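Just below is one structure, and these are the notes that go with it.
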Amino acid sequence: MTTHTPTIAVKSNSIGAISASLRSWVKEFASSTYFVTIGTRRPTELPLLPGAAIILFLFLGMGSVGTAQAATIQRTDFFDFKATQEFWNTVRDRDGLERAFAPLDPAERYDEWEALRKSDPAAAQQLLDNYDHGEDLPKLHDLFLAYEMWNNAYRMYQYARDGRGMSFNNIHTMLDCASVARMARLFTNDCNDLPDWREPQNVARDEALALKKRNSMKKTGLWKWDD
(Lines of atoms letter the chains of each structure in order from A and count residues from 1; the text may use other names and numbers.)
(Lines give C-alpha, C1' and ligand atoms only; values in the text may rest on other atoms or scores of the structure.)
Protein backbone atom coordinates (compact mmCIF):
# COMPACT_ATOMS: atom_id res chain seq x y z
CA MET A 1 0.00 0.00 0.00
CA THR A 2 1.25 3.48 -0.75
CA THR A 3 2.35 5.71 2.12
CA HIS A 4 0.69 8.93 0.96
CA THR A 5 -2.63 10.04 2.45
CA PRO A 6 -5.40 10.99 -0.01
CA THR A 7 -7.15 14.24 0.81
CA ILE A 8 -10.57 13.13 -0.40
CA ALA A 9 -12.68 11.28 2.16
CA VAL A 10 -15.44 8.95 0.98
CA LYS A 11 -18.29 8.20 3.36
CA SER A 12 -19.82 4.74 3.44
CA ASN A 13 -23.28 6.13 2.62
CA SER A 14 -21.89 7.11 -0.77
CA ILE A 15 -22.83 3.65 -1.93
CA GLY A 16 -25.52 1.09 -1.54
CA ALA A 17 -25.19 -2.31 0.06
CA ILE A 18 -23.00 -4.82 -1.76
CA SER A 19 -23.83 -7.80 0.43
CA ALA A 20 -26.18 -8.71 3.23
CA SER A 21 -23.80 -7.70 5.99
CA LEU A 22 -22.94 -4.41 4.31
CA ARG A 23 -26.62 -3.52 4.24
CA SER A 24 -26.52 -3.01 7.99
CA TRP A 25 -24.24 0.02 7.71
CA VAL A 26 -24.37 1.29 4.16
CA LYS A 27 -27.23 3.31 2.69
CA GLU A 28 -28.45 3.40 -0.89
CA PHE A 29 -26.39 5.38 -3.38
CA ALA A 30 -29.25 7.85 -3.72
CA SER A 31 -28.15 9.45 -0.47
CA SER A 32 -24.59 9.82 -1.74
CA THR A 33 -22.43 12.35 0.08
CA TYR A 34 -18.71 12.91 0.51
CA PHE A 35 -16.65 15.06 2.74
CA VAL A 36 -15.56 16.31 -0.66
CA THR A 37 -19.00 15.82 -2.08
CA ILE A 38 -20.24 15.21 -5.57
CA GLY A 39 -22.92 17.01 -7.49
CA THR A 40 -25.36 14.75 -9.26
CA ARG A 41 -28.26 15.01 -11.64
CA ARG A 42 -30.28 11.89 -12.15
CA PRO A 43 -31.74 10.76 -15.45
CA THR A 44 -35.27 9.44 -15.46
CA GLU A 45 -35.98 6.07 -13.86
CA LEU A 46 -32.72 5.72 -11.98
CA PRO A 47 -32.90 3.14 -9.18
CA LEU A 48 -29.12 2.83 -9.25
CA LEU A 49 -27.24 -0.37 -8.62
CA PRO A 50 -26.19 -0.74 -5.00
CA GLY A 51 -22.46 -0.77 -4.86
CA ALA A 52 -19.56 1.43 -3.72
CA ALA A 53 -18.19 5.35 -3.88
CA ILE A 54 -17.75 9.56 -6.95
CA ILE A 55 -18.73 12.36 -9.39
CA LEU A 56 -20.59 13.92 -12.28
CA PHE A 57 -19.50 16.48 -14.83
CA LEU A 58 -20.20 17.64 -18.40
CA PHE A 59 -22.59 19.99 -20.07
CA LEU A 60 -25.57 18.75 -18.00
CA GLY A 61 -26.05 21.09 -15.06
CA MET A 62 -24.49 19.92 -11.84
CA GLY A 63 -25.86 20.61 -8.41
CA SER A 64 -27.34 19.09 -5.26
CA VAL A 65 -25.42 17.72 -2.30
CA GLY A 66 -21.89 18.76 -3.14
CA THR A 67 -19.44 20.58 -5.32
CA ALA A 68 -16.69 18.17 -6.38
CA GLN A 69 -16.29 18.01 -10.14
CA ALA A 70 -15.22 14.86 -11.93
CA ALA A 71 -11.97 16.52 -12.92
CA THR A 72 -10.96 16.92 -9.26
CA ILE A 73 -10.56 13.18 -8.67
CA GLN A 74 -6.98 12.11 -9.27
CA ARG A 75 -4.88 8.98 -8.83
CA THR A 76 -3.57 10.44 -5.59
CA ASP A 77 -7.08 10.23 -4.13
CA PHE A 78 -6.53 6.48 -3.82
CA PHE A 79 -4.33 4.82 -1.25
CA ASP A 80 -3.24 2.21 -3.80
CA PHE A 81 -4.24 3.29 -7.27
CA LYS A 82 -2.37 0.50 -9.02
CA ALA A 83 -4.24 -2.18 -7.07
CA THR A 84 -7.54 -0.39 -7.68
CA GLN A 85 -6.82 -0.15 -11.40
CA GLU A 86 -6.13 -3.89 -11.46
CA PHE A 87 -9.43 -4.43 -9.65
CA TRP A 88 -11.26 -2.37 -12.28
CA ASN A 89 -9.61 -4.27 -15.13
CA THR A 90 -10.06 -7.78 -13.74
CA VAL A 91 -13.29 -7.73 -11.72
CA ARG A 92 -15.71 -7.36 -14.58
CA ASP A 93 -19.05 -8.60 -13.23
CA ARG A 94 -21.39 -8.08 -10.31
CA ASP A 95 -20.52 -11.36 -8.62
CA GLY A 96 -16.85 -10.41 -8.54
CA LEU A 97 -17.72 -7.01 -7.14
CA GLU A 98 -19.65 -8.53 -4.26
CA ARG A 99 -16.89 -11.06 -3.58
CA ALA A 100 -14.39 -8.20 -3.34
CA PHE A 101 -16.45 -6.41 -0.70
CA ALA A 102 -17.44 -9.47 1.32
CA PRO A 103 -14.16 -9.83 3.29
CA LEU A 104 -14.24 -6.11 4.14
CA ASP A 105 -17.71 -6.13 5.70
CA PRO A 106 -16.51 -5.92 9.33
CA ALA A 107 -15.06 -2.44 8.83
CA GLU A 108 -17.88 -0.71 10.75
CA ARG A 109 -15.55 2.07 11.90
CA TYR A 110 -14.93 3.25 8.36
CA ASP A 111 -16.82 6.56 8.58
CA GLU A 112 -15.21 7.39 11.90
CA TRP A 113 -11.79 6.84 10.37
CA GLU A 114 -12.56 8.96 7.30
CA ALA A 115 -13.73 11.83 9.52
CA LEU A 116 -10.60 11.60 11.65
CA ARG A 117 -8.40 11.70 8.58
CA LYS A 118 -9.67 15.24 8.01
CA SER A 119 -9.80 16.47 11.60
CA ASP A 120 -7.09 14.53 13.43
CA PRO A 121 -4.69 12.51 11.23
CA ALA A 122 -2.79 11.18 14.23
CA ALA A 123 -6.00 9.79 15.74
CA ALA A 124 -6.93 8.31 12.37
CA GLN A 125 -3.62 6.47 12.25
CA GLN A 126 -4.09 5.30 15.82
CA LEU A 127 -7.49 3.90 14.88
CA LEU A 128 -5.90 1.98 11.99
CA ASP A 129 -3.19 0.64 14.27
CA ASN A 130 -5.53 -0.44 17.07
CA TYR A 131 -8.60 -1.61 15.14
CA ASP A 132 -8.67 -5.33 14.34
CA HIS A 133 -9.81 -4.60 10.79
CA GLY A 134 -7.78 -1.43 10.33
CA GLU A 135 -6.08 -2.74 7.20
CA ASP A 136 -9.51 -2.97 5.55
CA LEU A 137 -10.31 0.73 5.83
CA PRO A 138 -7.97 2.07 3.11
CA LYS A 139 -9.09 -0.82 0.88
CA LEU A 140 -12.72 0.17 1.39
CA HIS A 141 -11.87 3.78 0.60
CA ASP A 142 -10.33 2.78 -2.72
CA LEU A 143 -13.10 0.35 -3.68
CA PHE A 144 -15.81 2.84 -2.78
CA LEU A 145 -14.09 5.47 -4.90
CA ALA A 146 -13.63 3.14 -7.88
CA TYR A 147 -17.25 2.03 -7.70
CA GLU A 148 -18.48 5.59 -7.55
CA MET A 149 -16.48 6.48 -10.64
CA TRP A 150 -18.07 3.52 -12.37
CA ASN A 151 -21.52 4.48 -11.11
CA ASN A 152 -21.26 7.97 -12.55
CA ALA A 153 -20.12 6.54 -15.88
CA TYR A 154 -23.17 4.29 -15.66
CA ARG A 155 -25.39 7.31 -14.99
CA MET A 156 -24.07 8.99 -18.11
CA TYR A 157 -24.73 5.81 -20.08
CA GLN A 158 -28.36 6.03 -18.97
CA TYR A 159 -28.73 9.33 -20.79
CA ALA A 160 -27.55 7.55 -23.94
CA ARG A 161 -29.95 4.71 -23.23
CA ASP A 162 -33.00 6.90 -22.70
CA GLY A 163 -32.20 9.54 -25.29
CA ARG A 164 -30.69 7.51 -28.12
CA GLY A 165 -31.44 3.84 -27.42
CA MET A 166 -27.86 2.81 -26.74
CA SER A 167 -27.08 -0.51 -25.07
CA PHE A 168 -24.58 -0.81 -22.24
CA ASN A 169 -21.00 -0.93 -23.55
CA ASN A 170 -22.35 -0.39 -27.06
CA ILE A 171 -22.53 3.40 -27.44
CA HIS A 172 -22.26 4.83 -30.96
CA THR A 173 -22.80 8.55 -30.43
CA MET A 174 -19.72 10.73 -29.97
CA LEU A 175 -21.02 13.01 -27.21
CA ASP A 176 -22.48 10.14 -25.19
CA CYS A 177 -19.25 8.21 -25.53
CA ALA A 178 -17.23 11.23 -24.41
CA SER A 179 -19.42 11.80 -21.34
CA VAL A 180 -19.18 8.17 -20.23
CA ALA A 181 -15.43 8.02 -20.81
CA ARG A 182 -15.03 11.26 -18.89
CA MET A 183 -16.43 9.62 -15.78
CA ALA A 184 -14.16 6.58 -16.04
CA ARG A 185 -11.11 8.43 -17.30
CA LEU A 186 -8.69 7.20 -14.61
CA PHE A 187 -9.29 3.60 -15.60
CA THR A 188 -10.24 3.63 -19.28
CA ASN A 189 -10.71 5.98 -22.21
CA ASP A 190 -13.13 3.56 -23.87
CA CYS A 191 -16.81 4.26 -23.21
CA ASN A 192 -17.63 0.69 -24.24
CA ASP A 193 -15.22 -1.03 -21.87
CA LEU A 194 -16.82 -0.57 -18.46
CA PRO A 195 -17.02 -3.41 -15.96
CA ASP A 196 -20.58 -4.68 -15.83
CA TRP A 197 -21.27 -4.17 -12.14
CA ARG A 198 -25.02 -3.76 -12.65
CA GLU A 199 -27.56 -5.74 -10.68
CA PRO A 200 -29.39 -8.37 -12.76
CA GLN A 201 -32.65 -6.41 -12.73
CA ASN A 202 -30.84 -3.35 -14.05
CA VAL A 203 -29.25 -5.36 -16.85
CA ALA A 204 -32.71 -6.41 -18.05
CA ARG A 205 -34.21 -2.96 -17.51
CA ASP A 206 -31.42 -1.18 -19.38
CA GLU A 207 -31.79 -3.34 -22.46
CA ALA A 208 -35.59 -3.11 -22.41
CA LEU A 209 -35.48 0.69 -22.25
CA ALA A 210 -32.77 0.90 -24.91
CA LEU A 211 -34.73 -1.40 -27.22
CA LYS A 212 -37.91 0.61 -26.73
CA LYS A 213 -36.10 3.82 -27.66
CA ARG A 214 -34.39 2.20 -30.66
CA ASN A 215 -37.67 0.92 -32.01
CA SER A 216 -39.18 4.38 -31.64
CA MET A 217 -36.24 5.96 -33.47
CA LYS A 218 -36.42 3.38 -36.26
CA LYS A 219 -40.03 4.29 -36.91
CA THR A 220 -39.04 7.91 -37.49
CA GLY A 221 -35.85 7.11 -39.39
CA LEU A 222 -33.56 8.47 -36.66
CA TRP A 223 -31.77 5.21 -35.88
CA LYS A 224 -28.58 5.13 -37.95
CA TRP A 225 -26.57 2.28 -36.47
CA ASP A 226 -26.53 -1.50 -36.33
CA ASP A 227 -28.25 -2.94 -33.28
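Just so it is clear: in the sequence shown, position 140 is 136 by the numbering used here, and no numbers are missing.
Backbone N, C-alpha and C define an ideal beta-carbon position, used for all residues, glycine too.
Since this is a predicted model, take the numbers as computed values, not measurements.
Secondary-structure assignment with DSSP links residue 163 through a beta bridge to 166. DSSP places residue 200 inside the alpha helix (DSSP H), whose first and last residues are 196 to 215. Burial check for residue 202: the Cβ neighbour count within 10 Å reaches 16 or more, so the residue is buried. Secondary structure at residue 6: strand, using DSSP grouped into helix, strand and coil. The criterion of a C-beta distance shorter than 7 Å is not satisfied by residue 170 and residue 148.
Shortest Cα-Cα distance from residue 129 to any of 72, 188, 162 and 105 involves 105. Distance from the Cα of residue 94 is smallest, within the candidate group 194, 222, 176 and 209, for 194. By the neighbour-count criterion, in which 16 or more other beta carbons inside 10 Å mark a residue as buried, residue 220 falls on the exposed side.
Nearest neighbour of residue 124 by Cα position, chosen from 86, 77 and 103, turns out to be 103. Residue 122: member of the alpha helix (DSSP H) spanning 117 to 126, first to last residue.
Non-local C-beta neighbours of residue 210 in its own chain, meaning closer than 6 Å and more than five positions away in sequence, comprise 161 and 219, ordered along the chain. Judged by beta-carbon spacing, residue 113 lies within the 7 Å limit of residue 5, meaning their Cβ atoms are closer than that value. Short of 7 Å from the beta carbon of residue 163, and not among the five residues preceding or following it, lie these beta carbons of its own chain, in chain order: 203 and 206. Remark: C-beta atoms of residue 152 and residue 115 do not approach each other more closely than 7 Å. Among the bridge pairs identified by DSSP, residue 192 is matched with 89.
In the structure shown, residue 147 adopts helical secondary structure according to DSSP, grouped into three states.
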